[in-house]
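In terms of my numbering, the sequence shown is residues -19 to 250. This report concerns only the one structure given below.
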Amino acid sequence: MQKKWWAVIVILGLGVIGSWAVWRHAQATQPVSGVPTVFVHGYNGNAHSTGQMIAALTKAGVARQTMRVTVKPNGRLQVEGNLSGKNPIVQVVYQDPRNGQAFTPWLLQVYALLHRRYHVKQVNAVGHSAGAIAVIEAAMRRPAVKMHKLVVIAGPFSGAFGPGGKINSVRLAPNGKPTPQSPKYRQLLSEAKDFHAQAVLNLYGDLNDGSRSDGVVPINAAKSLRYLLRHWQGSYQVRAVVGADAQHSKLHQNNPIVDTQLRRFLYPQP
-19 MQKKWWAVIV ILGLGVIGSW AVWRHAQATQ PVSGVPTVFV HGYNGNAHST
31 GQMIAALTKA GVARQTMRVT VKPNGRLQVE GNLSGKNPIV QVVYQDPRNG
81 QAFTPWLLQV YALLHRRYHV KQVNAVGHSA GAIAVIEAAM RRPAVKMHKL
131 VVIAGPFSGA FGPGGKINSV RLAPNGKPTP QSPKYRQLLS EAKDFHAQAV
181 LNLYGDLNDG SRSDGVVPIN AAKSLRYLLR HWQGSYQVRA VVGADAQHSK
231 LHQNNPIVDT QLRRFLYPQP
């Protein structure tokens, strides 16, 4: 009798496992709708750096992370998950997060992968700090996919910390041209003619403590993106986060202002 009960339990268990496997497969193979959004962390960042913003969008019911692409130090890509469902999110994680010079080439590899393997034609992209520079620079280098909407958060486009840990002073002329210009900014100026995207949202932090910065990136360094894209004809928006929550790292950690701006810009409700 006990053997019969064990047989029944095993059969039921296999049935539950089989049903779960079918459900998981169905979830993973849902047709993609909307535009995939790629999240890119900054210098010395990791999955946690963009994880909270992704979680906030998931909680709001407007998007969901379905894929993570880990970029190894040699540039090889490791893919977890798949593209599926409504507004899928792709989280990019650099295993060598201090190699800022490689952020853009690595991001271009991710775009190429999405196009080649998943037939993606256009993406949104969100980048924080050095990730913001990568998002803008990649859009200047004729990526494999079209750029739809770009969000840059605390982008140090014309400088950040200077020697001795002091924040560089950046001045903007009436036309938005920054002084001084970092070598990276001058490089971006030379490539800006090839920039393509439908819309850009530039979010920056202002601690409102007299530093005119988020503690790392001067306000004017972030706002210098406008001059960089002065010949581009797309939609450009700039928003400030002011106060203690405007600190550089806090801009991507449980920041309701940033989360709201992301949701409204990327997924506007009719």
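Backbone N, C-alpha and C fix where the C-beta goes; we use that ideal spot for every residue, glycine too.
What does the alpha-carbon distance come out to for the pair residue 177 and residue 91? 14 Å
For a quick check, are the C-beta atoms of residue 159 and residue 118 less than 8 Å apart? no
Please classify residue 109 as buried or exposed, where buried requires at least 16 other C-beta atoms within 10 Å of its C-beta. buried
When we look at the beta-carbon of residue 21 and count the other beta-carbons within 10 Å, is it buried (16 or more) or exposed? buried
Mind the definition here: the stretch 69 to 81 touches the stretch 21 to 32 only if three or more C-beta pairs lie below 8 Å; say whether that holds. yes
Please work out which residues of its chain come closer than 7 Å, Cβ to Cβ, to residue 41, disregarding the five sequence neighbours upstream and downstream, and give them in chain order. none
For residue 181, I'd like the list of residues in its chain whose CB is within less than 6 Å of its CB, leaving aside the five on either flank, ordered along the chain. 131, 217 and 245
Given residue 52, which residues of its chain have a CB within under 6 Å of its CB, disregarding the five upstream and five downstream residues? 75
Collapsed DSSP secondary structure at residue 188 in the structure displayed: coil
If we count Cβ pairs, one from each stretch, closer than 8 Å, do we get three or more for the stretch 198 to 216 versus the stretch 163 to 172? yes
If distances are taken between C-alpha atoms only, which option among 100, 114 and 96 comes closest to residue 82? 114
Going by DSSP, which residues form a beta bridge with residue 60? 48
Taking the continuous beta strand (DSSP E) assigned at residue 91, which residues delimit it? Residue 91 -> not in any beta strand (DSSP E); alpha helix (DSSP H) instead, spanning 83 to 98.
Quick check: what's the CA-CA separation for residue 136 versus residue 203? 9 Å
Per DSSP, residue 74 is paired with what? 51
Member of 232, 250 and 104 whose CA lies at the smallest distance from the CA of residue 16: 104
Continuous beta strand (DSSP E) stretch holding residue 104: start and end: 102 to 108
Hey, residue 185 and residue 224: beta-carbon distance below 8 Å or not? no
When 58, 61, 70 and 11 are compared against residue 34, the one with the closest alpha-carbon: 70
Inter-residue spacing [alpha-carbon to alpha-carbon] between residue 247 and residue 97: 25 Å
Mind checking residue 58: buried by the 16 CB within 10 Å criterion, or exposed? exposed
Taking a contact to mean a Cβ-Cβ separation below 8 Å, would you say residue 241 touches residue 183 in this structure? yes
Count the other C-beta atoms from every protein chain shown that fall within 10 angstroms of the C-beta of residue 89, then say buried if there are 16 or more, exposed otherwise. buried
Taking the alpha carbon of residue 194 as the point to measure from, which residue in 172, 161, 230 and 173 has its own alpha carbon closest? 230
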